[in-house]
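For reference, the structure is listed below as structure tokens.
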Ligand code: MN
Ligand code: MN
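Numbering (our numbering), first residue to last: 2 to 311.
In structure tokens, the structure reads:
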């Protein structure tokens with residue numbers, strides 16, 4: 002029996018790291034040897050969750066084929082968002098809640114995806130289906146992942162199942178859901194310690210849209226004032242990334258987590274794609290995105306449609 006490495010996407014968020022920890026525990030309980038790893042350092046929000054529940058941050062890896070033959074992917078499936086050498090290992094498990102895109106395997110696998118608020122909600126269902134009890138710290142990081150992905154159950158990606166699961170996990174984790182949830186989101190919305198480069202990249206994902214390489218980042222804030230003062234530097238960082246990585250478009254979605262609305266900053270050759278997708282105007286590299294909070298449900302689908310009409 003060889004070990005599994007379990008990991009979420011690049012630029013990991015709390016769900017990527019939380020689901021790696023939770024699904025490793027699940028595999029261990031099923032008699033496998035498994036280790037959670039991460040494709041980057043935890044962000045401030047994730048670190049807050051790990052500290053709160055006295056968990057170690059998963060080891061950061063840049064490749065996996067040098068260590069193992071078999072892996073489990075959580076919170077992603079698109080090869081563009083995975084480890085660089087994912088094509089050199091066998092993917093035996095995927096647990097996810099995203100679109101499936103560009104993902105192929107040579108062998109049969111366990112694949113569980115549901116259109117619900119977080120991968121940790123899907124993993125919670127695996128635990129209950131298999132009658133596996135969840136230790137407090139793991140419940141805590143799973144709860145944190147649901148809070149993070151659903152903006153404390155406010156995002157349109159959040160389902161009644163997520164709400165029910167979050168309440169159950171809060172009991173096991175022994176925290177007040179709303180009080181802990183606000184603390185966690187506030188820890189993630191403190192941008193003062195982050196450089197322009199970090200703000201642009203820490204939650205950015207690449208998408209292949211009709212042959213175009215589109216980068217979509219997201220930053221959580223409380224009020225737009227603080228980040229607005231840094232607009233020039235942040236746009237410079239976005240333009241730098243575009244040139245380095247050959248992106249066709251970079252959209253940074255800046256989400257006010259208290260008001261549940263966003264604005265977008267746009268760099269790239271074709272801001273008209275953003276205008277078409279969101280039926281608005283890009284002025285000074287900026288577009289209003291009223292009521293938009295979910296990249297997965299409210300940003301990627303309209304941009305995909307816009308590119309498909311090219
Ligand atoms: Mn994620
Ligand atoms: Mn997720």
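No residue lacks a Cβ here, since even glycine has one placed at the ideal position from N, Cα and C.
Any non-hydrogen atom of ligand 1 closer than 6 angstroms to residue i Cβ
| i | result |
| --- | --- |
| residue 45 | no |
| residue 306 | no |
| residue 163 | no |
| residue 97 | no |
| residue 76 | yes |
As assigned by DSSP and simplified to three states, the class of residue i
| i | result |
| --- | --- |
| residue 280 | coil |
| residue 216 | strand |
| residue 225 | coil |
| residue 206 | strand |
| residue 193 | coil |
| residue 289 | strand |
| residue 269 | strand |
| residue 263 | strand |
| residue 17 | helix |
| residue 96 | strand |
| residue 46 | helix |
| residue 60 | strand |
| residue 133 | coil |
| residue 106 | coil |
| residue 1 | With the chain running from 2 to 311 in the structure shown, residue 1 is simply not present. |
| residue 113 | strand |
| residue 71 | strand |
| residue 175 | coil |
| residue 8 | strand |
| residue 255 | strand |
| residue 311 | coil |
| residue 28 | helix |
| residue 250 | strand |
Sequence-distant residues of the same chain with beta carbon closer than 7 angstroms to residue i, five excluded per side
| i | result |
| --- | --- |
| residue 259 | 223 |
| residue 175 | 137 |
| residue 279 | 288, 290, 303 |
| residue 68 | 6 |
| residue 311 | 211 |
Cβ-heavy atom distance, residue i to ligand 2, below 6 angstroms
| i | result |
| --- | --- |
| residue 15 | no |
| residue 150 | yes |
| residue 262 | no |
| residue 119 | yes |
6 angstroms CB neighbourhood of residue i in its chain, flanking five on each side removed
| i | result |
| --- | --- |
| residue 94 | 73, 111 |
| residue 101 | 78 |
Own chain, CB closer than 8 angstroms to residue i, minus 5 neighbours either side, in chain order
| i | result |
| --- | --- |
| residue 88 | 80 |
| residue 298 | 156, 157, 158 |
| residue 57 | 51 |
| residue 313 | Within the shown structure, residues of the chain are numbered from 2 to 311, placing residue 313 beyond reach of any answer. |
Distance between beta carbons of residue j and residue i, contact taken as under 8 angstroms
| i | j | result |
| --- | --- | --- |
| residue 255 | residue 275 | The Cβ separation is near 14 angstroms, so there is no contact. |
| residue 140 | residue 170 | 5 angstroms |
| residue 208 | residue 96 | Not really, about 21 angstroms apart at Cβ, beyond 8 angstroms. |
| residue 90 | residue 65 | 6 angstroms |
| residue 167 | residue 154 | 6 angstroms |
Within-7 angstroms CB hit, residue i to chain C
| i | result |
| --- | --- |
| residue 239 | The displayed structure is made up of one protein chain only, and chain C is not part of it. |
The region 170 to 183 contacting the region 207 to 227, beta-carbon criterion three pairs below 8 angstroms: no
Segment contact flag, the region 6 to 15 with the region 24 to 39, C-beta cutoff 8 angstroms, min 3 pairs: yes
At least 3 beta-carbon pairs within less than 8 angstroms: the region 291 to 300 vs the region 256 to 273: yes
contact_flag[the region 43 to 56, the region 11 to 21] where n(CB pairs < 8 angstroms) is 3 or more: yes
Cβ pair count under 8 angstroms reaching 3, the region 193 to 205 against the region 59 to 77: no
Stretch pair the region 157 to 165 + the region 59 to 66: three plus CB contacts closer than 8 angstroms: no
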